[in-house]
Amino acid sequence: LVYTREVSEETAINNKKFGFYDVEQSVVKKLRNRMRKILQIPQQEEIDMKRGNQRVATWNYVIKGAKSGGYKVFMSSKTSVPLVSGSVIVWYNQNSDGRQDGRLSPWDCHTIIGSQTVVEDYLEEDVSTMKCFNFFKNSP
Numbered sequence: 166l167v168y169t170r171e172v173s174e175e176t177a178i179n180n181k182k183f184g185f186y187d188v189e190q191s192v193v194k195k196l197r198n199r200m201r202k203i204l205q206i207p208q209q210e211e212i213d214m215k216r217g218n219q220r221v222a223t224w225n226y227v228i229k230g231a232k233s234g235g236y237k238v239f240m241s242s243k244t245s246v247p248l249v250s251g252s253v254i255v256w257y258n259q260n261s262d263g264r265q266d267g268r269l270s271p272w273d274c275h276t277i278i279g280s281q282t283v284v285e286d287y288l289e290e291d292v293s294t295m296k297c298f299n300f301f302k303n304s305p
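In our numbering, the protein residues as written are 166 to 305.
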């Protein structure tokens, strides 16, 4: 999933008008393989994208960041993260005991000046991915 937010005038505030695009599969595959390396998920393990599973982790690839605004805000930790071009933002959607916690998901702030393009992908819980995730989460 790729989404773009932009403003038509430099003084306007974006009121969450999103544009959604289908991404070419080769681009998504390259980004997913890069994330496999970062999260240390072996190639033979499947990243399950079927709906209905519980989301374990989410990551955003920031293709183009806004000149002003457009932060990810994590209210539970009172943290804001700027979406800088070329960066990757990763967060867990579960507590350390494996329970889903909606408070761990970020809020999107308005883009004030410019536009931004972000590719969002995620890892969902299933038998194969949870083996790796539990190993990674419980390592010293």
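Backbone N, C-alpha and C fix where the C-beta goes; we use that ideal spot for every residue, glycine too.
Extent of the continuous beta strand (DSSP E) to which residue i belongs
{"i": "N260", "result": "Element bounds for N260: n/a, residue is neither H nor E."}
Neighbourhood of residue i by C-beta distance below 7 Å, restricted to the same chain and skipping five residues each side
{"i": "S252", "result": "V227"}
{"i": "L196", "result": "Y226, V284, D286"}
{"i": "N299", "result": "Interpretation of N299 is limited by its pLDDT of 49, a score under 50 that renders its predicted location unreliable; the figure taken from the coordinates is listed afterwards. Here the set comprises nothing."}
Selected residue, minimal CA-CA separation from residue i, among the options
{"i": "A222", "options": "V246, P247, M200", "result": "M200"}
{"i": "T244", "options": "D273, Q259, D262, L288", "result": "D273"}
{"i": "I203", "options": "T276, W256, V246", "result": "W256"}
{"i": "L288", "options": "N258, S250, V246", "result": "N258"}
Contacts around residue i, its chain only, beta-carbon distance under 8 Å, and the 5 residues preceding and following it disregarded
{"i": "L248", "result": "N225, V227, G230, A231, G235, Y236, K237, I254, Q281, V283"}
{"i": "N260", "result": "D266, L269"}
{"i": "S250", "result": "V227, I228, K229, G230"}
Close-in-space but distant-in-sequence residues of the same chain around residue i (CB under 6 Å, 5 per side omitted)
{"i": "S233", "result": "I277, I278"}
Does the stretch 230-242 come close enough to the stretch 261-273 that 3 or more CB-CB pairs lie under 8 Å? yes
List, from N- to C-terminal side, the alpha helix (DSSP H) runs of 4 residues or more that fit wholly inside the stretch 219-289. none
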